[in-house]
Amino acid sequence: MDKKKKGGRDTGVFWFYGQCMEKFVYDPPMDPLAVVYADDDLLIIDKPSGLLSVPGKAEAHQDSLELRVRAAYPEALLVHRLDMDTSGIMVFARNKPAQRHLGMQFEKRMMKKIYVARVDGVIDADEGVVDLPLILDWPNRPLQIVDHENGKLAITVWRVLSREPHATRVELKPETGRTHQLRVHMQALGHTILGDRFYGNDVQIAAEPRLQLHAQQLSLRHPNGGAWHEFKCDVSF
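Written out as structure tokens, the structure is:
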């Protein structure tokens, strides 16, 4: 088993036959289920940082938002996921037709998502676009890397919300939905998201107790009638 080093530093991550064996204990927050909206077809939930969206493979990783939602709403059906470290809006369907309708919206990129992040350093420009294709870094999965030859299209529109002495709060609008897209695009911009244990250096990881990334807003067409609905949840950092 080899310890993976990135940029000359010890990441505390071990890789064994390509499997991530990170030294951390899954200790999800025990916040009560935060229901933003509910009707006969939709459930909008505010997921806390540190909670898996779906159960992991290990017995110790079974606790997840999906299981907690189903404990309260047994008919709930998964539509999409957020990274464990990311907080914010997730949508569940309450019947199969709604799940198909919502899934199609994700597939066709009809849903509009807005994230808020705090990143390392002060960004001089007020807005911009990151257009860098991404691919799985297979030997070091689940990490992603920029690959201009084999990567899949990945586009993020960003806008500065406020500046601090050593950090910047930004609004992020992903036009595609690649794994770790916002993390890698901000890193490529030279401003890694604070608290990012996958892509940050020691200082960036230690700067915050959690990943400073929050899914703040989701706009979608209601599966019953097609009217546009916009859902928001407050940023917790």
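For the sequence shown, this note's numbering assigns the number 4 to the initial residue and increments by one for each residue that follows.
Think of the CB as a built atom: it goes at the ideal place given N, C-alpha and C, for glycine as much as any other residue.
Just so you know, these numbers come straight off a predicted model, no measurement behind them.
- In the DSSP assignment, Ile48 falls within the unbroken beta strand (DSSP E) covering Leu45 to Lys50.
- The beta-carbon separation of Gly53 and His217, rounded to 13 Å, does not stay under the 8 Å limit for a contact.
- One alpha carbon belongs to Trp141, the other to Gln147, and they sit about 8 Å apart.
- With respect to the C-alpha of Cys236, the residue from Pro51, Glu62, Pro32 and Met33 having the closest C-alpha is Pro51.
- In the same chain as Arg73, and ignoring 5 residues on each side of it, the C-beta atoms closer than 6 Å to its own belong to Ala79, in chain order.
- The Cβ neighbour count for Met33, taken over all protein chains shown within 10 Å, is under 16; the residue is labelled exposed.
- No Cβ-Cβ contact shorter than 8 Å links Phe240 with Gln220.
- If you compare the alpha carbons of Leu137, Arg144, Pro31 and Pro145 with that of Ile158, the shortest gap goes to Leu137.
- DSSP, read as helix, strand or coil, puts Val57 in coil.
- The count of Cβ pairs closer than 8 Å, one atom from the segment 60-72 and one from the segment 190-206, stays below three, leaving the stretches out of contact.
- For Ala37, the closest C-alpha among the options Asp30, Asp43 and Ile48 is that of Ile48.
- The residue among Glu167, Lys115 and His151 with its C-alpha nearest the C-alpha of Val160 is Lys115.
- The three-state reading of DSSP puts Gln65 in coil, since its state is none of H, G, I, E or B.
- Below 8 Å, enough C-beta pairs join the segment 118-125 and the segment 204-218 to call them touching: three or more.
- Residue ranges of uninterrupted beta strand (DSSP E) with 3 or more members, entirely inside the segment 137-207 and ordered along the chain, are 137-139, 147-149, 158-166 and 170-177.
- Assignment of alpha helix (DSSP H) within the segment 83-118, counting only whole runs of 4 or more residues, yields 99-110 in chain order.
- Beta bridge pairing from DSSP links Ala230 with no other residue.
- Relative to the Cα of Ala128, the nearest Cα in the group Val173, Arg97, Met93 and Val57 belongs to Val173.
- Looking at Pro226, Leu81 and Gly124, the one whose alpha-carbon comes closest to that of Val163 is Gly124.
- Residue range Val38 to Ala41 is occupied by the beta strand (DSSP E) that includes Val38.
- Ranking Gln108, Val206 and Leu81 by CA distance to the CA of Leu223 puts Gln108 first.
- Taking the CA atoms as reference points, Tyr40 sits about 10 Å from Phe95.
- DSSP, reduced to helix, strand and coil, places Leu70 within a helical segment of the structure shown.
- Comparing alpha carbon positions, the residue from Glu167, Tyr76, Ala61 and Arg112 closest to Leu156 is Arg112.
- Inter-residue distance for Asn227 and Ala101 is about 8 Å (C-alpha atoms, whole angstroms).
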